[in-house]
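A.B. asks: Can you read through this structure? Questions will come right after.
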Amino acid sequence: MTQLDFPAWLRVTHWVNVLFITLLIRSGMEIVATHPKFYWRDQCKPGTEWARFTRKTMPKDKLYDTLDEEESYSSIISLPGHKKLGMGRHWHFFSVLGWILTGLVYFILLFATGQWHRYIPYSWSIFPTAWNDLLTYLSFNLPPLLPGQPLDAIQKLTYAFVLFFLAPFQILTGTAQSPAIEARFPWYVRLWGGRQSARNLHLFGLLIFIGFIAVHLVMVASWGWGQLNALMIFGEVRDRGWAIALSFVIIAAIVAVHWAATVLSLKRPRTVQRALGAVVMGARKLLLRPLVSRQDYSTAELSPEHRVNGKPPDSDGYKVMAVHNFADWRLEVGGLVEHPMTFTLEDLRALCAKQTQRVLHNCVQGWTSIGEWSGLPMRDMVEFVKPLPQARYVCFLTMQDTGRDDPSAEGEGQFYEVIDLTVARQSHTLLAYEMNGEPLPIKHGAPLRLRVENQVGFKMAKWIERIEFISGYSDIGAGMGGWREDNVFYDKNVEI
Amino acid sequence: MGAERAVRPEITVLSAEQKHRVAKQLRRYGITCTSCGSEDLDIGDGLYLGFLFLREEQDSYLIALTCDNPDCLAPRTGVRVHESQFLDKGQESAGGRCPRRAGAPQ
Chain R
14 MTQLDFPAWL
24 RVTHWVNVLF
34 ITLLIRSGME
44 IVATHPKFYW
54 RDQCKPGTEW
64 ARFTRKTMPK
74 DKLYDTLDEE
84 ESYSSIISLP
94 GHKKLGMGRH
104 WHFFSVLGWI
114 LTGLVYFILL
124 FATGQWHRYI
134 PYSWSIFPTA
144 WNDLLTYLSF
154 NLPPLLPGQP
164 LDAIQKLTYA
174 FVLFFLAPFQ
184 ILTGTAQSPA
194 IEARFPWYVR
204 LWGGRQSARN
214 LHLFGLLIFI
224 GFIAVHLVMV
234 ASWGWGQLNA
244 LMIFGEVRDR
254 GWAIALSFVI
264 IAAIVAVHWA
274 ATVLSLKRPR
284 TVQRALGAVV
294 MGARKLLLRP
304 LVSRQDYSTA
314 ELSPEHRVNG
324 KPPDSDGYKV
334 MAVHNFADWR
344 LEVGGLVEHP
354 MTFTLEDLRA
364 LCAKQTQRVL
374 HNCVQGWTSI
384 GEWSGLPMRD
394 MVEFVKPLPQ
404 ARYVCFLTMQ
414 DTGRDDPSAE
424 GEGQFYEVID
434 LTVARQSHTL
444 LAYEMNGEPL
454 PIKHGAPLRL
464 RVENQVGFKM
474 AKWIERIEFI
484 SGYSDIGAGM
494 GGWREDNVFY
504 DKNVEI
Chain G
84 MGAERAVRPE
94 ITVLSAEQKH
104 RVAKQLRRYG
114 ITCTSCGSED
124 LDIGDGLYLG
134 FLFLREEQDS
144 YLIALTCDNP
154 DCLAPRTGVR
164 VHESQFLDKG
174 QESAGGRCPR
184 RAGAPQ
C-alpha cells in the first residue's frame, strides 16, 4: 500500500490553497457587503430577508435604490473593504480560478499517487470510531490515529467531506449564481431551490469552511504545531523549531499578500481591474459568453416588486417628457452605421413584432427578481441601421447624470454602457419599453432600457436616449467600457 | 388593452374639478407657455414627483400643460404644484406656495 506521507506536491498545494481560500473568504465578504441581506425567494421582496448583516433602514416615502443599502465593511474581514464591490469581484473570480486549478492539480496527484487512501474510508466501522474520537476530543484528550495512517477517524471523515463534498459544493453553488448559467440552464438554478437559495447555500458553505479552518488550526496546535508543520514543510518530522519558525514565515507571507492586495485595490484600483480582469476575461468569454437565455418563467412567478439600482434622471426635461408619456422623447441611433436613424417611442413599437421574455434579473449586488420585459429585439435594430464593418461595439447613452441623480454611486457624469456587437445580436438582447405588460416604469428606465439576459443588471442601461455603434471604447469616459467599469471598476463583460 | 394605450403607472389622471383648480393656480400666478407666452394651455395629467425624484419635495406633482397655439415650437411643458393645490383631500390653502414651471428655480 502507498505510504501515506507528505510528498512535495501535497505540501505546496496545501499552502497555495491557504492563500486562495483566504482570498476567497475575504473577497466573498466584500460581495456580501454590497447587499448584506439573504432571502429564500428569488423575488427578494424588501422585508422578507431571513438574515441581514446591516442596521440600515430605508425610507418608505422616497425611492431608494440598492446602492443606498450597501454596507462598508472593514478591510480586516473583506477584500478590499470600504464598499469596493468591483475590486471584491475581481479578487473573488481570480482566486476561484487559482483555487480550482490548485484543486485540479491536487486531485489528479492524489489519485495518481495513491494518496487518496488517506481520505477515503474503507469500512462503515469508521463511523463509530469517529464518534468515539469526537467524545475523546470533548474530554480534552487525543484519540489514536488510524493504523498506518496520518489521521484519526474523525479527521479522515472531515477531510473527505471538505474535499469531496464542500469544495465542489461551493463551486456548484457559485456557478448557480452566474446570470449566463441561469439564463441557459434555468433547471440548474431550480435544482438548488432558486438563485437566492443557491446564494444562501454558498454562504453556509463559507461558514462551514471558516469553521473547518478554525478547528483545523486547533487540531494542529493540539497535536503539535511543530510536528505537523514539519510534516507540511519538510515532509518529515525534523527540526521542529525551524518548522515552527517557517510556518509563521509562510503565514506572514500570506498575510503580506492579503495586505498588498488590499492596499493595491484601494490605492490603484485601475491597475487591479486591468490585471485581474485580463485573467478572468478569457475564462468568461470562453465558457459563459456563448450561453443564450432559454428562460421562460410563468406569469405566476413574476415578482410583485422589483428593486432598482440607480435613480431616475432628476431633470425637468425628463420629467416634462414623462408627464406627456414621452411624446417628445427621441432615440438617436448612429455612429458607424449605414443608416443613422431617429425614432419615437411609437416608431419603435411599430418597427417590428414585439418580443416578450420572462426572466430572472440578476443585480451585480446579488439580489434578484423575475420580470416580464417586452420590446424591440436589439438584433432587429442592428439589422435596421446596418453597422459598418469596423463597428465592433454598441454604446448606450442615457439621460442619467449619476452625480446629480445618485449620490450613493461613486463618481459622476452621464451613465453609459458598452456591449459587444456579438452580444447585441444575441436573441435575448432587447430594447424594452414594457415591463409586466405595462409601459416601462420610470424607476425601471422609462421610456427605454436594455435587457441582456446573460449578464448582470448594471449592463442593462436605463433611460436610454442614444445608441452609438463604435469601433472601440478607449476614448469614452475612462475607457473601460461603461460608467460602472470606469467608476466602480467592474468588468465590462459580466456573465458572472 | 395594449400597453401602448395604457396610462403610465406613475400618472395621476386629473378629474375636471382638479384641472379647474390647476387652471385657477395658473391664472393666479400668471403662468403662460414657456415657449410662446400663450395663455391657452390645456391641462393634462399629473406625475407624482415626490417619491421618484431625489430632490423633489414630498408633496410635489408635475402637471402636463399643452400649448394650444399651433405655431408654438415647444407646446408640451409642465407646471409643478403641491398636492394641496389641486387634489381633493383637505381644504388647506396654498399657504403662499407658488406653482412653478418645470425648470423654474426651486
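If you read the protein sequences in the order shown, they are chains R and G. All letters in the first sequence, in the order written, are residues 14 to 509 by our numbering. All letters in the second sequence, in the order written, are residues 84 to 189 by our numbering. Cβ atoms here follow ideal geometry from the backbone N, Cα and C, with glycine treated the same way.
Taking 7 Å as the limit between beta carbons, can you name the residues of its chain near G:V90, skipping five residues before and five after?
C.D. replies: V96
A.B. asks: Excluding sequence positions up to five away, which residues of its chain have a Cβ less than 7 Å from the Cβ of R:S108?
C.D. replies: So the qualifying residues of the chain are F33, L36, L37 and S40.
A.B. asks: Let me check understanding here. Comparing Cα to Cα, which of R:D393, R:A180 and R:R65 lies closest to R:T115?
C.D. replies: R:A180
A.B. asks: Applying a beta-carbon distance threshold of less than 7 Å, which residues of chain R neighbour G:L135?
C.D. replies: From the beta-carbon of G:L135, the residues of chain R found nearer than 7 Å are L76, P325, I455 and K456.
A.B. asks: So what does DSSP say about R:I167, is it helix, strand or coil?
C.D. replies: Three-state result, R:I167: helix.
A.B. asks: Three or more beta-carbon pairs under 8 Å between the stretch 55-62 of chain R and the stretch 235-254 of chain R, yes or no?
C.D. replies: Contact fails: fewer than three Cβ-Cβ distances are below 8 Å.
A.B. asks: Give the straight-line distance between the Cα atoms of R:H337 and R:A474, rounded to the nearest whole angstrom.
C.D. replies: 22 Å
A.B. asks: Just to confirm the assignment, what range does the alpha helix (DSSP H) spanning R:R356 have?
C.D. replies: For the record, residue 356 of chain R in the displayed sequence is Phe; it is not Arg. Element bounds for R:F356: not the alpha helix (DSSP H) but the beta strand (DSSP E), M354 to F356.
A.B. asks: Residues of chain R with a CB under 7 Å from the CB of G:A147: which are they?
C.D. replies: Correct list: V336 and H337.
A.B. asks: At a Cβ threshold of 7 Å, is G:K102 touching chain R?
C.D. replies: no
A.B. asks: Taking three-plus beta-carbon pairs below 8 Å as touching, is the stretch 456-468 of chain R in contact with the stretch 61-70 of chain R?
C.D. replies: Pairwise C-beta distances place the stretch 456-468 of chain R out of contact with the stretch 61-70 of chain R, as fewer than three of them are shorter than 8 Å.
A.B. asks: Pull the bridge partners of R:Y429 from the DSSP assignment, please.
C.D. replies: R:L410
A.B. asks: My output table needs one value for G:G127: the three-state DSSP class, helix, strand or coil.
C.D. replies: Three-state DSSP puts G:G127 in a strand.
A.B. asks: Starting from R:W386, follow the beta strand (DSSP E) in both directions and report where the run begins and ends.
C.D. replies: T381 to P390
A.B. asks: Mind listing which residues of the stretch 117-142 of chain G have their C-beta closer than 8 Å to chain R's C-betas, in chain order?
C.D. replies: G127, D128, G129, L130, L132, G133, F134, L135, F136, L137, R138, E139 and Q141
A.B. asks: When DSSP labels each residue in this structure, what does R:Q468 get in the three-state scheme?
C.D. replies: coil
A.B. asks: Along the stretch 55-70 of chain R, what residues have a CB closer than 9 Å to any CB found in chain G?
C.D. replies: none
A.B. asks: Quick check on G:Q141: does DSSP put it in helix, strand or coil?
C.D. replies: coil
A.B. asks: Is there contact between the stretch 300-311 of chain R and the stretch 190-200 of chain R, where contact requires at least three CB pairs shorter than 8 Å?
C.D. replies: yes
A.B. asks: Could you tell me the distance, in whole angstroms, from the CA atom of R:V175 to the CA atom of R:V305?
C.D. replies: Each residue's alpha carbon lies about 33 Å from the other.
A.B. asks: Rounded to whole angstroms, what is the Cα-Cα separation between R:G161 and R:W112?
C.D. replies: 30 Å
A.B. asks: Taking the C-alpha atoms as reference points, what is the distance between R:V431 and R:K472?
C.D. replies: 8 Å
A.B. asks: Runs of 4 residues minimum, wholly inside the stretch 469-502 of chain R: which ones carry the alpha helix (DSSP H) assignment?
C.D. replies: 496-500
A.B. asks: Could you give the distance in angstroms between the alpha-carbon of R:Q286 and the alpha-carbon of R:F502?
C.D. replies: 6 Å
A.B. asks: If R:M245 sits next to R:F19, beta carbons under 8 Å apart, how far is it from one beta carbon to the other, in whole angstroms?
C.D. replies: Separation of the CB atoms of R:M245 and R:F19 is rounded to 6 Å, and the pair is thereby assigned contact status at 8 Å.
A.B. asks: Starting from the C-beta of R:I221, find all residues in its chain whose C-beta is less than 7 Å away, skip the five residues before and the five after it, and write them out in chain order.
C.D. replies: L179
A.B. asks: Could you check the C-alpha separation between R:W144 and R:I90 for me, to the nearest Å?
C.D. replies: 34 Å
A.B. asks: Give me the subset of the stretch 183-206 of chain R whose CB atoms are less than 9 Å from a CB atom of chain G, sorted by chain position.
C.D. replies: none
A.B. asks: At the level of alpha carbons, what is the spacing between R:E345 and G:Q101?
C.D. replies: Each residue's Cα considered, the two are about 37 Å apart.
A.B. asks: Using a Cβ cut-off of 9 Å, pull out every chain G residue sitting near R:V321, in sequence order please.
C.D. replies: None at all; the shortest Cβ gap to chain G is about 10 Å.
A.B. asks: Are at least three pairs of beta-carbons, each pair with one atom in the stretch 356-376 of chain R and one in the stretch 416-434 of chain R, less than 8 Å apart?
C.D. replies: no
A.B. asks: How big is the Cα-Cα spacing for R:L155 and R:Y135?
C.D. replies: 22 Å
A.B. asks: In the stretch 158-172 of chain G, which residues sit with their C-beta less than 9 Å from some C-beta in chain A, listed in chain order?
C.D. replies: In the structure shown, chain A cannot be found, because the protein chains are R and G.
A.B. asks: Using DSSP with H/G/I as helix, E/B as strand and the rest coil, what is G:A86?
C.D. replies: With a pLDDT of only 47 at G:A86, under 50, the local geometry of the prediction cannot be trusted, and the value read off the model is given with reservation. Note: G:A86 maps to helix in three-state DSSP.
A.B. asks: Give the C-beta separation of R:I477 and R:F409 to the nearest angstrom, bearing in mind that I take them to be a contact with Cβ-Cβ under 8 Å.
C.D. replies: 5 Å
A.B. asks: Pull up the CB-CB distance for R:R362 and R:N506, whole angstroms please, since I reckon it's below 8 Å.
C.D. replies: So it is not a contact: roughly 30 Å between Cβ atoms.
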